[in-house]
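Number of protein chains: 2
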Amino acid sequence: MSEHTVSRYDDELKDIARRIAEMGGMAERLVDHAVTALTRLDTTIANSVISDDKRLDLLQRECEEQAILIIARRQPMAMDLREVIGALRISNDLERIGDLAKNIAKRVIALDGQFQSKRFMTGVEHMAELSLAQLKDVLDAYALRDVKQAFEVWKRDAEIDQMYTSLFRELLTYMMEDPRNITFCTHLLFCAKNIERIGDHTTNIAETIQYAVTGELLPDERPKHDDSSITTVPYETT
Amino acid sequence: MSEHTVSRYDDELKDIARRIAEMGGMAERLVDHAVTALTRLDTTIANSVISDDKRLDLLQRECEEQAILIIARRQPMAMDLREVIGALRISNDLERIGDLAKNIAKRVIALDGQFQSKRFMTGVEHMAELSLAQLKDVLDAYALRDVKQAFEVWKRDAEIDQMYTSLFRELLTYMMEDPRNITFCTHLLFCAKNIERIGDHTTNIAETIQYAVTGELLPDERPKHDDSSITTVPYETT
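Taken in order, these protein sequences are the chains called A and B.
The numbers in the first sequence follow UniProt numbering, run straight up by one, and end at 238.
The numbers in the second sequence follow UniProt numbering, run straight up by one, and end at 238.
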């Protein structure tokens, strides 16, 4: 390759990384706004999340096209190829995170005007804070190609899973306490599930950073602490 | 390209299509078995779904590697490039469908021994039948590159969405009737949501077929009839 070609190639790689950073910032904002909309039950913010998510979908398609063009034109090898495949995977995960934020925003519209109590929201807020911090950290790790930080994010997801399992139990208890809580708490359960899924996509990104930088994979199974799908709450008659 | 090269290239494209067909058959089986496990509350079948899903994940990674190798080595253009990108996207959707089947199987383990009534299951069974039929049809459409059939599948997803919305309402009503139904019906709600998501991935595949064969995209927005996220059920004191 001539020097000229190499430098254009380098620009292309930088450009795709820039696009991922843009998508990352957008995904963070969508999650942040979706959670704000939820905790304040603000349908105006919720509607803006729903419409902004379209832009993220578009960016993902552009990112995919760009990655494929680079692979076809440059036939990158080893680390460069992993870099491009990594960008492809991360853009997929970010697009899915945007979708999950959009799903939370849609629930806010359902919850508008429903019977509720402030205490229902506390657990969801906590989960959301942690998962936003995780998303921010993994995007920083990507920008710096910091494998160590990516690994920290990957491990810390277990906390979100544990919070989700205990929240699942808590919300079921509120539902049993008073049937008027059922609709509200069911929608909150789905929101909590969406946040837990955002955490999963964040760990996917951490795994991709590890792969792109080192060529190695993280262990097949992350220590999973989301036991909500095997959690039951007995109904005690008092 | 020499004739020899062309024919090897052709073999590579056929090979990737064969791999997608294998993944498709596996995804169908996983969904089928997960639903059987659910309706019979059979934890043995549920456990087999959870372990079989790993094989699908592996196939997806292999498919991705193969597609990228073809793009780098052959620099395919136009229809051939769309074919390879299509395979990449479809393998992603099939892997996600396997994950959703696995999630249903995990819930079966939670539901084991829980209070329940046969009538809770009817709606989920109906939804599952339709979504399995849709998955089968879209895989046939892919095998035959039948754009018309893919479009039919795409349109018919609205039925699954409508079933899901009415099932959401129904399960909430059972929960309000008797708090002992809450845990069981909550897990069923999540299973129903997983089936609805399987439907979404099926329509993604239909969209990819359209794109791979014609280079055109289906309309940006599918007529969405899943209103469950904006559905509420008032609790009536009688």
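Glycine included, C-beta positions come from ideal geometry on N, C-alpha and C.
task = Measure the Cβ-Cβ separation of Asp93/B and Leu13/B and say whether it is below 8 Å.
result = As a working mapping, residue 93/B is identified with position 93 in the second sequence. As a working mapping, residue 13/B is identified with position 13 in the second sequence. Not in contact: Asp93/B and Leu13/B (Cβ atoms no closer than 8 Å).
inquiry  = Less than 8 Å between CB atoms is the rule here; does Thr238/A satisfy it with respect to chain B?
reply    = If you number the first sequence from 1, residue 238/A lands on position 238. Only weak support is given to the placement of Thr238/A: the predicted model assigns it a pLDDT of 43, under 50, and the question is left unresolved by the model.
Spatial neighbours of Asp15/A in its chain, beta-carbon cut-off 8 Å, leaving aside the 5 residues before and after = In the first sequence, residue 15/A corresponds to position 15, counting from 1. In its chain, beyond the 5 residues on either side, Gln66 have a beta carbon closer than 8 Å to the beta carbon of Asp15/A.
key: Closer than 8 Å to chain A by CB, residue 303/B   = With chain B covering only 1 through 238, there is no way to say anything about residue 303/B.
ask   = chain B partners of Ile85/A, CB-CB under 7 Å?
value = Your numbering for residue 85/A matches position 85 in the first sequence. Within 7 Å Cβ-Cβ: Ile68.
query = Are Met77/A and Leu130/A closer than 8 Å when you measure CB to CB?
reply = Stepping through the first sequence from its first residue, residue 77/A is reached at position 77. Stepping through the first sequence from its first residue, residue 130/A is reached at position 130. Against a cut-off of 8 Å, the Cβ pair of Leu130/A and Met77/A comes out as no contact.
Boundaries of the alpha helix (DSSP H) in which Arg82/A is found, first to last residue = The residue given as residue 82/A occupies position 82 in the first sequence. Counting along the chain, the alpha helix (DSSP H) containing Arg82/A begins and ends at Ala78 to Leu111.
Anticipated Cβ contact below 8 Å, Thr186/A with Leu167/B, distance rounded = The residue labelled residue 186/A in the question sits at position 186 within the first sequence. The residue labelled residue 167/B in the question sits at position 167 within the second sequence. The pair is not a contact, with the Cβ atoms about 13 Å apart (cut-off 8 Å).
task = Give the range of the alpha helix (DSSP H) segment to which Ser48/A is assigned.
result = Taking the first residue of the first sequence as position 1, residue 48/A is located at position 48. Annotation: the continuous alpha helix (DSSP H) that includes Ser48/A extends over Thr43 to Arg74.
key: Other residues of its chain near Thr202/A: CB distance less than 6 Å, five sequence neighbours each side excluded   = Taking the first residue of the first sequence as position 1, residue 202/A is located at position 202. So the qualifying residues of the chain are Gln134, Leu135 and Val138.
task = Drop a sphere of 10 angstroms on the beta-carbon of Thr214/A, count the other beta-carbons inside from all chains shown, and report buried for 16 or more, exposed for fewer.
result = Taking the first residue of the first sequence as 1, we reach residue 214/A at position 214. Label assigned to Thr214/A: exposed.
ask   = In whole angstroms, what separates the C-alpha of Ile45/B from that of Ala101/A?
value = Residue 45/B sits at position 45 when you count from the first residue of the second sequence. Residue 101/A sits at position 101 when you count from the first residue of the first sequence. Cα-Cα distance, rounded: 34 Å.
task = Compare the C-alpha of Ala212/B against each of Ile97/B, Ser228/B and Asp146/B and name the closest.
result = Sequence index remark: in the second sequence, residue 212/B carries index 212 (1-based). Measuring from the Cα of Ala212/B, the nearest candidate turns out to be Asp146/B.
inquiry  = Taking the straight line between their C-alpha atoms, what separation do you get for Leu58/A and Asp112/B?
reply    = Position 58 of the first sequence holds residue 58/A. Position 112 of the second sequence holds residue 112/B. Cα to Cα, the separation comes out at about 43 Å.
Chain B contact residues for Ala72/A, given Cβ-Cβ distances below 9 Å = Here residue 72/A refers to the residue found at position 72 of the first sequence. Simply Ile71, Ala72, Arg74, Gln75, Pro76, Met77 and Leu81.
inquiry  = Considering only their Cβ atoms, is the gap separating Leu172/B from Val108/B smaller than 8 Å?
reply    = Working through the second sequence from its first residue, we reach residue 108/B at position 108. Working through the second sequence from its first residue, we reach residue 172/B at position 172. Going by C-beta atoms, Val108/B is not nearer than 8 Å to Leu172/B.
ask   = Between Ser7/B and Leu69/A, what straight-line distance do the alpha-carbon atoms span, to the nearest angstrom?
value = Position 7 of the second sequence, counted from the first residue, corresponds to residue 7/B. Position 69 of the first sequence, counted from the first residue, corresponds to residue 69/A. Taking the straight line joining both Cα atoms gives about 24 Å.
query = Say the cut is 7 Å; is the CB of Val108/B nearer than that to a heavy atom of the ligand GTP?
reply = You won't find the ligand GTP in this model; it holds no ligand whatsoever.
request  = Step through the CB atoms of chain B and report whether any lies within less than 8 Å of the CB of Gln162/A.
outcome  = Position 162 of the first sequence, counted from the first residue, corresponds to residue 162/A. No - not a single Cβ of chain B is within 8 Å of the one on Gln162/A.
key: Identity of the residue in Ile198/A, Asp11/A and Gly25/A nearest Tyr142/A by Cα   = Numbered from its first residue, the first sequence carries residue 142/A at position 142. Checked all of Ile198/A, Asp11/A and Gly25/A; the closest Cα to Tyr142/A is Gly25/A.
inquiry  = Restricting to Cα atoms, I'd like to know which of Asp161/B, Met23/B and Met121/B is closest to Asp52/B.
reply    = Position 52 of the second sequence, counting from 1, holds the residue named residue 52/B. Of the listed residues, the one whose Cα sits closest to Asp52/B is Met23/B.
Lys148/A, DSSP secondary structure in three states = As a first step, residue 148/A is located in the first sequence; it is residue number 148 there, counting from the start. For Lys148/A, the three-state secondary structure derived from DSSP is helix.
inquiry  = Does Ser91/A pass the burial test, meaning 16 or more other C-beta atoms within 10 Å, or should it be called exposed?
reply    = Here residue 91/A corresponds to residue number 91 of the first sequence, with the count starting at 1. Using a 10 angstroms sphere on the CB of Ser91/A, the tally of other CB atoms reaches 16 or more, which defines it as buried.
query = Any idea what DSSP makes of Leu217/A, helix, strand or coil?
reply = Mapped onto the first sequence, residue 217/A falls at position 217. Coil, per DSSP.
ask   = In terms of alpha-carbon separation, which member of Ile50/B, Thr43/B and Tyr235/B lies closest to Arg29/B?
value = For the purposes of this step, residue 29/B is taken as residue 29 along the second sequence, with counting starting at 1. Cα-wise, what sits closest to Arg29/B is Ile50/B.
query = Along chain B, which residues have their Cβ under 9 Å away from the Cβ of residue 268/A?
reply = There is no way to answer for residue 268/A, as the model of chain A reaches only from 1 to 238.
request  = Quick one: residues in its chain with C-beta nearer than 8 Å to the C-beta of Glu62/B, no 5 flanking neighbours on either side, listed in chain order?
outcome  = Translated into positions along the second sequence, residue 62/B becomes position 62. Arg19.
Among Ser228/B, Val31/B, Asp200/B and Asp227/B, the one whose alpha carbon lies nearest that of Glu125/B = Numbered from 1 along the second sequence, position 125 holds the residue referred to as residue 125/B. Closest in alpha carbon position to Glu125/B, among Ser228/B, Val31/B, Asp200/B and Asp227/B, is Val31/B.
inquiry  = Please confirm whether Leu172/A has its beta-carbon closer than 8 Å to some beta-carbon of chain B.
reply    = Residue 172/A sits at position 172 when you count from the first residue of the first sequence. Leu172/A counts as touching chain B.
query = With burial defined as no fewer than 16 other Cβ atoms inside 10 Å of the residue's Cβ, what is the status of Thr208/A: buried or exposed?
reply = Walking along the first sequence from the start, residue 208/A turns up at place 208. By the Cβ-count criterion, Thr208/A is buried, with 16 or more other Cβ atoms from all chains shown falling within 10 Å of its own Cβ.
query = Along the stretch 85-104 of chain A, what residues have a CB closer than 7 Å to any CB found in chain B?
reply = With the criterion set as a beta carbon lying under 7 Å from some beta carbon of chain B, the members of the stretch 85-104 of chain A are Ile85 and Asn103, in sequence order.
message = Please state the DSSP three-state secondary structure of Asp32/A.
response = Residue numbering aside, residue 32/A sits at position 32 when the first sequence is read from its first letter. DSSP places Asp32/A in helix when its eight states are reduced to three.
Asp137/B (DSSP reduced to helix, strand or coil) = As a working note, residue 137/B is residue 137 in the second sequence. Asp137/B falls in the helix class under three-state DSSP.
request  = At 8 Å on the CB atoms, spell out the chain B contacts of Met176/A, in chain order.
outcome  = On the first sequence, position 176 is the one that residue 176/A refers to. The contacting residues are Pro179 and Ile182.
key: CB contact check: Leu38/A to chain B, cutoff 8 Å   = Your numbering for residue 38/A matches position 38 in the first sequence. Residue contact with chain B for Leu38/A: absent (no Cβ-Cβ distance below 8 Å to any residue of chain B).
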